[in-house]
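What follows is the structure, given as structure tokens:
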């Protein structure tokens with residue numbers, strides 16, 4: 013399966029339909045007093061749509077990526093016009109002001125941080141626009157938090173949801189290698205500390221409402237962190253029977269019984285991250301099996317449609333990066 017213009021246009025139309033949709037909205041917001049009882053748009057002048065802050069961020073990543081990869085699509089012209097109106101210095105200042113609140117220290121850590129890095133990295137590739145320059149102060153604000161926090165996190169978080177450390181490192185390292193050498197060095201040191209001694213992974217997954225394959229995101233993280241031969245040695249110890257088809261769970265796509273349930277539909281995202289991982293390991297058949305289960309359902313319900321296209325794009329991205 014490949015990302016072709018019709019599929020890219022479909023992804024873009026879905027995302028354009030919700031990046032400016034304020035409600036319903038699931039907020040990550042601490043109220044310190046009555047004055048903090050504000051709606052999403054008042055708190056987040058850019059990322060107020062798409063059901064929650066991080067989904068809006070990565071939906072903008074999807075839109076800008078499609079605009080760069082498929083500039084001749086009609087949707088790409090609309091993407092540019094919408095981004096020109098939203099991704100401005102004034103709006104970025106509003107997002108940074110939210111971070112300055114004492115209660116926002118842990119806001120979107122680390123999942124939203126990582127997606128913001130991915131968005132800024134993509135925005136900076138659009139040389140004909142100032143989106144990268146506008147978003148740079150917000151990326152730098154999160155980078156400062158990242159470099160302050162991760163030396164204090166002694167243990168990795170391995171669950172297959174938002175707190176997962178390896179997934180955050182994948183997106184963050186793609187950005188840091190270009191924009192922040194000190195942060196890139198920290199990610200490499202922390203990843204080797206957290207995961208370098210891992211052996212014989214049982215791949216007990218998926219959990220009932222996970223959208224990440226904890227096994228595959230750890231593999232992809234270490235593939236970025238370790239040089240080729242060192243990664244192959246690590247992988248041989250981490251998944252010693254991979255060539256024999258074990259653990260068998262790694263090749264079995266997850267089933268989804270209710271795509272209107274915001275937690276159960278996470279398993280479609282799980283299939284997409286599995287497909288992404290299999291593609292990076294060079295197994296196109298396993299990737300295709302996982303994609304085939306979930307790609308037909310990206311618009312079944314808003315609980316999935318507000319975020320699933322971004323994960324499908326991770327699995328299908330022709331450049332294999334964020």
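Residue numbers (our numbering): 13 to 334. We put the beta carbon where it would ideally sit given N, CA and C, even for glycine.
Of the residues the options, which one's Cα is nearest the Cα of residue i?
i	options	result
residue 120	245, 265, 173, 167	173
residue 183	242, 122, 163, 140	122
residue 166	186, 303, 202	202
residue 37	26, 44, 68	68
residue 28	331, 318, 324	318
residue 51	239, 110, 77, 24	110
residue 65	124, 22, 87, 101	124
residue 103	275, 242, 24, 145	145
residue 333	192, 77, 39, 101	77
residue 21	153, 30, 87, 74	87
residue 156	257, 194, 32	194
Let's test the definition: count the other Cβ atoms within 10 Å of the Cβ of residue i and tell me whether it reaches 16, buried, or not, exposed.
i	result
residue 42	exposed
residue 290	buried
residue 60	buried
residue 14	exposed
residue 285	buried
residue 35	exposed
residue 46	exposed
residue 246	buried
Compute the beta-carbon to beta-carbon distance between residue i and residue j, rounded to the nearest angstrom, for a pair I have assumed lies under 8 angstroms.
i	j	result
residue 227	residue 213	5 angstroms
residue 130	residue 70	7 angstroms
residue 128	residue 151	6 angstroms
Once DSSP output is grouped into helix, strand and coil, what is the label at residue i?
i	result
residue 198	helix
residue 21	helix
residue 35	coil
residue 42	coil
residue 177	helix
residue 230	helix
residue 297	helix
residue 16	coil
residue 206	helix
Report yes or no: is there a C-beta of chain B within less than 8 angstroms of the C-beta of residue i?
i	result
residue 183	The structure shown contains no chain B; it holds only a single protein chain.
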